[in-house]
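Student: Quick note on numbering that gives the first Met the number 0: the sequence shown kicks off at 0 and runs consecutively.
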Amino acid sequence: MFDWLQHFADWLIYTVFNVGQETHLGTALNFFVYDTLKILILLFFVVFIMGIVNAYFPVERLKDYLNKKKLYGLEYFFSSVFGAITPFCSCSSVPLFIGFVQGGIPLGVTFSFLITSPLVNEVAVAMFLGMFGIKATLIYAVSGIILGTIGGWLLGKFNLEPLLSDWVKKILENKMQHGKFEEVKQTFYQRLPEISRGAWDIVKGVLLYVVIGIAIGAAMHGYVPENFFNTYLGGGQWWTVPLAVLVAVPMYANAAGIVPIIQVFVAKGVPLGTAIAFMMATVGLSIPEATLLKKVMSLKLIAIFFGIVTLCIMISGYLFNLIL
Numbered sequence: 000m001f002d003w004l005q006h007f008a009d010w011l012i013y014t015v016f017n018v019g020q021e022t023h024l025g026t027a028l029n030f031f032v033y034d035t036l037k038i039l040i041l042l043f044f045v046v047f048i049m050g051i052v053n054a055y056f057p058v059e060r061l062k063d064y065l066n067k068k069k070l071y072g073l074e075y076f077f078s079s080v081f082g083a084i085t086p087f088c089s090c091s092s093v094p095l096f097i098g099f100v101q102g103g104i105p106l107g108v109t110f111s112f113l114i115t116s117p118l119v120n121e122v123a124v125a126m127f128l129g130m131f132g133i134k135a136t137l138i139y140a141v142s143g144i145i146l147g148t149i150g151g152w153l154l155g156k157f158n159l160e161p162l163l164s165d166w167v168k169k170i171l172e173n174k175m176q177h178g179k180f181e182e183v184k185q186t187f188y189q190r191l192p193e194i195s196r197g198a199w200d201i202v203k204g205v206l207l208y209v210v211i212g213i214a215i216g217a218a219m220h221g222y223v224p225e226n227f228f229n230t231y232l233g234g235g236q237w238w239t240v241p242l243a244v245l246v247a248v249p250m251y252a253n254a255a256g257i258v259p260i261i262q263v264f265v266a267k268g269v270p271l272g273t274a275i276a277f278m279m280a281t282v283g284l285s286i287p288e289a290t291l292l293k294k295v296m297s298l299k300l301i302a303i304f305f306g307i308v309t310l311c312i313m314i315s316g317y318l319f320n321l322i323l
């Protein structure tokens with residue numbers, strides 16, 4: 000889908016700027032250009048689509064349905080499954096999180112998507128199947144969905160809406176598009192300029208956070224050596240799982256990008272459960288993601304979100320080591 004962006008990043012960094020492809024700087028700059036453009040395009044597209052949804056579909060009824068109907072946790076499960084089938088990394092999932100909150104979806108259900116989306120995707124599943132076999136792949140995929148379901152359910156019990164950022168609260172307070180479009184009969188082309196302006200306003204509002212977040216991730220991606228992790232995570236002691244999670248937080252990669260590194264870890268003697276915990280923390284607890292989330296959440300809400308996800312990932316790592 001975004002191959003053309005990768006080709007553009009390669010051409011810009013390696014040809015126009017003549018930065019060596021095998022250098023740390025070249026790797027970091029290529030990563031920065033590609034991911035920044037990809038996320039900005041995704042951000043505008045998703046918010047634009049949500050603007051159309053808000054204009055035509057009864058989002059408030061959906062919100063009321065999810066809040067009032069007894070689905071016995073299935074709403075969290077469905078949101079987690081939807082996250083698993085969307086091929087987004089943690090930073091790419093943030094635009095969808097904004098769109099869901101803007102659309103009135105309950106926050107806990109939205110968190111289920113935000114947790115699972117970066118952890119599990121079809122590319123990573125295919126790579127896992129080829130590298131580790133069907134048993135490990137099933138455990139990885141199912142555990143990611145369960146992690147999102149349980150994490151979203153727990154977060155949904157805490158009544159965290161007041162901890163959203165003032166920027167998001169303002170969007171929710173001023174969200175009059177749906178009512179206005181119902182009162183005034185307009186064609187899609189008449190509504191299009193206003194929907195586009197609304198999407199662009201949100202893109203401008205998070206632009207700085209996107210650039211800073213991807214810059215941090217690019218630096219980590221280009222300069223942190225892999226051998227460091229093999230040295231300290233290969234013993235199999237009880238503390239290697241929490242250490243793997245802790246060390247992974249400053250990193251930034253999507254699940255598909257980190258799977259080959261996990262294969263190297265396992266080949267070097269790192270237990271598979273510890274390696275998977277590292278992978279989940281890398282894609283689900285990154286500093287760049289926290290930087291982007293600062294635009295939509297308070298620091299307290301980010302800390303609660305990261306704390307719940309960290310606990311679930313560590314439990315999963317220990318279980319994987321026991322099972323595998």
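Even glycine gets a Cβ: it sits at the ideal position worked out from N, Cα and C.
Quick caveat, the model's predicted, so the values are computed rather than measured.
Restricting to Cα atoms, I'd like to know which of His6, Phe43, Leu41 and Phe44 is closest to Asn29.
Tutor: Stepping through the sequence shown from its first residue, residue 29 is reached at position 30. Comparing Cα-Cα distances from Asn29 to each of His6, Phe43, Leu41 and Phe44, the minimum goes to His6.
Student: I need the boundaries of the alpha helix (DSSP H) containing Trp3, first residue and last residue.
Tutor: Indexing the sequence shown from 1 puts residue 3 at position 4. Segment Asp2 to Asp9, the alpha helix (DSSP H) holding Trp3.
Student: Take the Cβ of Trp238 as the centre, count every other Cβ of all protein chains shown within 10 Å, and call the residue buried at 16 or more, exposed below.
Tutor: Position 239 of the sequence shown holds residue 238. Exposed.
Student: Tell me the DSSP secondary structure of Leu163 in three-state form.
Tutor: The residue given as residue 163 occupies position 164 in the sequence shown. Residue state, collapsed to three classes: strand.
Student: With a CB to CB cut of under 8 Å and the five nearest residues on each side skipped, what residues in its chain are close to Thr309?
Tutor: Indexing the sequence shown from 1 puts residue 309 at position 310. Only Val244, Ala280 and Leu284 meet the Cβ criterion.
Student: Between Val167 and the rest of its own chain, which residues show a CB-CB distance below 7 Å, the 5 nearest in sequence each way excluded?
Tutor: As a working note, residue 167 is residue 168 in the sequence shown. Closer than 7 Å at the Cβ level, and outside the excluded window around Val167, lie Val100 and Val295.
Student: Do Ser142 and Ser297 have their CB atoms nearer than 9 Å?
Tutor: If you number the sequence shown from 1, residue 142 lands on position 143. If you number the sequence shown from 1, residue 297 lands on position 298. Taking 9 Å as the Cβ cut-off, Ser142 and Ser297 do not qualify as a contacting pair.
Student: To the nearest angstrom, how far is it from the Cα of Gly132 to the Cα of Leu321?
Tutor: Looking up residue 132 in the sequence shown gives position 133. Looking up residue 321 in the sequence shown gives position 322. Between Gly132 and Leu321, the C-alpha separation is close to 17 Å.
Student: Give me the DSSP bridge partner(s) of Met296.
Tutor: Locating residue 296 in the sequence shown gives position 297, counting from the first residue. Answer is Leu163, bridged to Met296.
Student: Mind checking whether Ala83 and Ala125 have CB atoms under 9 Å apart?
Tutor: Locating residue 83 in the sequence shown gives position 84, where the first residue counts as 1. Locating residue 125 in the sequence shown gives position 126, where the first residue counts as 1. The answer is no: Cβ separation not under 9 Å.
Student: Taking C-beta to C-beta, are Ile38 and Val209 nearer than 9 Å?
Tutor: Indexing the sequence shown from 1 puts residue 38 at position 39. Indexing the sequence shown from 1 puts residue 209 at position 210. Cβ distance < 9 Å, so Ile38 and Val209 count as in contact.
Student: Throw me the rounded Cβ distance for the Ile138 and Thr115 pair, which I believe falls under 8 Å.
Tutor: Within the sequence shown, residue 138 is the residue found at index 139, counting from 1. Within the sequence shown, residue 115 is the residue found at index 116, counting from 1. So it is not a contact: roughly 15 Å between Cβ atoms.
Student: For the putative contact between Ser78 and Phe112, defined by C-beta atoms under 8 Å, what is the C-beta separation to the nearest angstrom?
Tutor: As a working note, residue 78 is residue 79 in the sequence shown. As a working note, residue 112 is residue 113 in the sequence shown. Sure, about 5 Å apart at Cβ, within 8 Å.
Student: Following the continuous alpha helix (DSSP H) through Ser142, name the residue where it begins and the one where it ends.
Tutor: Numbered from its first residue, the sequence shown carries residue 142 at position 143. Looking at the DSSP string, the run of the alpha helix (DSSP H) that includes Ser142 is Ile133 to Gly155.
Student: When the Cα of Val282 is compared with those of Val263, Val265, Ile194 and Ile312, which residue comes out closest?
Tutor: By 1-based counting over the sequence shown, the position of residue 282 is 283. Of the listed residues, the one whose Cα sits closest to Val282 is Ile312.
Student: Is the Cβ-Cβ distance between Glu74 and Val108 less than 9 Å?
Tutor: In the sequence shown, counting from the first residue as 1, residue 74 sits at position 75. In the sequence shown, counting from the first residue as 1, residue 108 sits at position 109. Taking 9 Å as the Cβ cut-off, Glu74 and Val108 qualify as a contacting pair.
Student: Using 9 Å as the threshold, is the C-beta distance between Gly272 and Leu242 below it?
Tutor: If you number the sequence shown from 1, residue 272 lands on position 273. If you number the sequence shown from 1, residue 242 lands on position 243. No, Cβ-Cβ distance for Gly272 and Leu242 is not below 9 Å.
Student: Which same chain residues end up closer than 8 Å to Thr35 when comparing Cβ atoms and leaving out the 5 residues on each side of it in sequence?
Tutor: Here residue 35 refers to the residue found at position 36 of the sequence shown. Within the same chain, Thr35 has close Cβ partners Val209, Val210 and Ile213.
Student: For the alpha helix (DSSP H) holding Ile84, just list the boundary residues, first then last.
Tutor: If you number the sequence shown from 1, residue 84 lands on position 85. No alpha helix (DSSP H) holds Ile84; DSSP gives it neither H nor E.
Student: Quick one: what does DSSP say Phe44 is sitting in, helix, strand or coil?
Tutor: Walking along the sequence shown from the start, residue 44 turns up at place 45. Here Phe44 sits in helix by DSSP.
Student: State the DSSP-derived secondary structure class of Leu271, mapped to helix, strand or coil.
Tutor: Position 272 of the sequence shown, counted from the start, is the residue given in the question as residue 271. Reduced to three states, the DSSP call for Leu271 is helix.
Student: Quick check on the burial criterion: 16 or more other C-beta atoms within 10 angstroms. Buried or exposed for Ala54?
Tutor: Counted from its first residue, the sequence shown places residue 54 at position 55. Counting Cβ neighbours within 10 Å, Ala54 comes out buried, since at least 16 surround it.
Student: State the start and end residues of the unbroken alpha helix (DSSP H) segment that holds Lys105.
Tutor: Position 106 of the sequence shown, counting from 1, holds the residue named residue 105. The residue asked about is misnamed: residue 105 is Pro in this sequence, not Lys. Neither: Pro105 is in no alpha helix (DSSP H) and is coded neither H nor E.
Student: Quick one: using the 10 Å Cβ neighbour count with 16 as the cut-off for buried, is Leu70 buried or exposed?
Tutor: Counted from its first residue, the sequence shown places residue 70 at position 71. Counting Cβ neighbours within 10 Å, Leu70 comes out exposed, since fewer than 16 surround it.
Student: Assuming Pro241 is part of the alpha helix (DSSP H), what are its boundary residues?
Tutor: On the sequence shown, position 242 is the one that residue 241 refers to. Thr239 to Ala247 is the span of the alpha helix (DSSP H), which, as asked, contains Pro241.
Student: What three-state label does DSSP hand Leu323 in the structure shown?
Tutor: The count along the sequence shown starts at 1 and reaches residue 323 at position 324. Three-state result, Leu323: coil.
Student: Is it buried or exposed for Trp10, if we count other Cβ within 10 angstroms and need 16 for buried?
Tutor: Reading the sequence shown from its first residue, position 11 is the one you call residue 10. It is exposed - the Cβ of Trp10 has fewer than 16 other Cβ atoms within 10 Å.
Student: Glu21 to Pro224, Cα distance in whole Å?
Tutor: For the purposes of this step, residue 21 is taken as the residue at position 22 of the sequence shown. For the purposes of this step, residue 224 is taken as the residue at position 225 of the sequence shown. Between Glu21 and Pro224, the C-alpha separation is close to 14 Å.
Student: Under a three-way DSSP split, which group does Thr14 fall into?
Tutor: By one-based count along the sequence shown, residue 14 stands at place 15. The answer is helix: DSSP assigns Thr14 an H, G or I state.
Student: Sorted by chain position, which residues of the same chain lie with C-beta nearer than 6 Å to Ala274's C-beta, five sequence neighbours on each side aside?
Tutor: Position 275 of the sequence shown, counting from 1, holds the residue named residue 274. Within the same chain, Ala274 has close Cβ partners Ile261, Phe264 and Val265.
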